[in-house]
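Positions -26 to -1, 1 to 113 (mature numbering (1 follows the signal peptide of the UniProt record, and there is no 0)) are the ones given, in order, by the sequence shown.
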Amino acid sequence: MGTSSVPKFLTLFLMLLIVGSKLIHCTVTYDKKAIIIDGQRKILISGSIHYPRSTPDMWEDLVQKAKYGGLDVIDTYVFWNVHEPSPGNYNFEDRFDLVRFIKTVQKVGLYVHLRIGPYVCAEWNFGLQCKDSPRRLCR
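(1) Our contact map puts Phe53 next to Val94 with C-beta atoms below 8 Å; I'd like the distance itself, whole angstroms only.
(2) Determine the closest residue to residue 119 out of Ile76, Ile9, Ser20, Leu88, with distance taken between C-alpha atoms.
(3) Tell me the DSSP secondary structure of residue 118 in three-state form.
(4) Tell me the DSSP secondary structure of Asn65 in three-state form.
(5) Select from Asp68, Thr1, Ile19 the residue whose C-alpha is nearest the C-alpha of Asp31.
(6) Restricting to Cα atoms, I'd like to know which of Asp5, Tyr42, Tyr25, Asp35 is closest to Ile19.
(7) For Phe70, which residues from the same chain have a beta carbon less than 8 Å from its beta carbon, with the 5 sequence-adjacent residues on both sides left out?
(8) Relative to the C-alpha of Tyr51, which residue among Val2, Thr3, Arg89 is closest?
(9) Go to Asp35, then tell me how far its alpha helix (DSSP H) extends in each direction, as first and last residue.
(10) Just the C-alpha distance for Gln38 and Val82, rounded to the nearest angstrom, thanks.
(11) From the DSSP output, in three-state form, read off Val94 for me.
(12) Out of Thr29, Val73, Ile23, Asp5, point me to the one whose CA is closest to Asp46's CA.
(13) Can you tell me whether Thr78 is buried or exposed, with buried defined as 16 or more other CB within 10 angstroms of its CB?
Here's what the structure looks like:
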């Protein structure tokens, strides 16, 4: 990441943090035995849904099926190579609409484990743009 990319990354991270904090109103703590959400110990079961691999019209049904299957949390990467295909050029539209995906998961009543990256280890080519920094290792 070049120095000019750091403020952009932080801006996007803070934007997602603000959006996320407005979606869920609960207290989360840990007592060395379990996660405690709103005063109750929870064992959270999670599964992955990679939002770019489906259309926004499919998301609610996929998340609903995950909930019926017993999941509490939807795990997803942030696919930076599609969100910033070139430096300063951002894409959060259609199947790359991360905020819409998060709101869909919240609507169904599940939590999101957002894997911010930068590397995506999900059989996804070019999950990390290595050309921007010679210090990065790429596969």
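Note that beta-carbon positions come from the ideal geometry of N, C-alpha and C, so glycine has one too. Note that the structure is a prediction, hence the values are computed from the model and not measured.
Per the coordinate set shown:
(1) Beta-carbon to beta-carbon, Phe53 and Val94 are separated by about 6 Å, close enough to satisfy the 8 Å threshold.
(2) With the chain covering only -26 through 113, there is no way to say anything about residue 119.
(3) Only positions -26 to 113 of the chain appear in this structure, which leaves residue 118 out of reach.
(4) Correct three-state label for Asn65: coil.
(5) Looking at the Cα atoms, Asp68 is the closest of the given residues.
(6) It is Tyr42.
(7) Excluding residues within five positions, the ones whose Cβ falls inside 8 Å are Tyr25, Pro26, Phe53, Val56, His57.
(8) With respect to the C-alpha of Tyr51, the residue from Val2, Thr3, Arg89 having the closest C-alpha is Arg89.
(9) According to the DSSP assignment, Asp35 belongs to the alpha helix (DSSP H) that extends over 30 to 42.
(10) Gln38 and Val82: Cα-Cα distance of roughly 6 Å.
(11) Assignment of Val94 by DSSP, reduced to helix, strand and coil, places it in the coil class.
(12) Ranking Thr29, Val73, Ile23, Asp5 by Cα distance to Asp46 puts Ile23 first.
(13) Around the beta carbon of Thr78, 16 or more other beta carbons lie within 10 angstroms, which makes this residue buried.
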